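Numbering (the numbering used here), first residue to last: 1 to 161.
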């Protein structure tokens with residue numbers, strides 16, 4: 001595949017980031033770069049991420065702007081890829097996550113953004129309600145930024161987060 005694929009991970013003292021990074025190590029198509037955005041250089045997430053610098057092209061970015069939007073914008077600015085994907089620090093990517101996204105972007109030039117994957121609800125009793133369509137909030141008002149990829153040119157058109 002010819003697409004340069006950046007992965008941005010927003011993290012704040014997230015010890016489970018190790019699982020996300022392990023899942024990136026196991027990708028069938030390797031990322032061009034991995035940007036970890038933290039709000040403090042002493043963040044445990046940054047410490048753990050640096051342990052993976054020998055197997056992943058990782059850069060840790062310290063962002064002082066509060067909120068996820070600012071952190072995502074910093075991640076986009078630091079990323080070097082043609083495609084920018086987001087995964088949350090507490091998520092685990094399927095081994096073909098990058099490959100599947102990249103294939104669609106290569107084969108279908110009119111696709112600008114892809115959102116997908118599984119999600120989990122915090123209260124297990126809500127799973128049935130989601131399946132029945134009784135709970136729609138996770139789907140209706142925002143994109144799943146824990147599993148989203150878009151072409152860099154989208155930022156040039158609509159602006160950063």
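Every residue, glycine too, gets a C-beta built ideally from N, C-alpha and C. Please read all numbers here as calculations on a predicted model, not as lab measurements.
| query | result |
| --- | --- |
| What would DSSP say about residue 93, mapped onto helix, strand or coil? | coil |
| Any idea if residue 48 is buried or exposed, counting beta-carbon neighbours within 10 angstroms, 16 or more meaning buried? | buried |
| Give me, in chain order, the residues of the same chain whose beta-carbon lies closer than 6 Å to that of residue 82; leave out the 5 immediate sequence neighbours on both sides. | 3, 4 and 152 |
| For residue 3, which of helix, strand or coil comes out of DSSP? | coil |
| Determine the direct distance from the alpha carbon of residue 108 to that of residue 67, and round the result to whole angstroms. | 33 Å |
| Taking 6 Å as the limit between beta carbons, can you name the residues of its chain near residue 27, skipping five residues before and five after? | 98 |
| In whole angstroms, give me the CA-to-CA distance for residue 17 and residue 148. | 17 Å |
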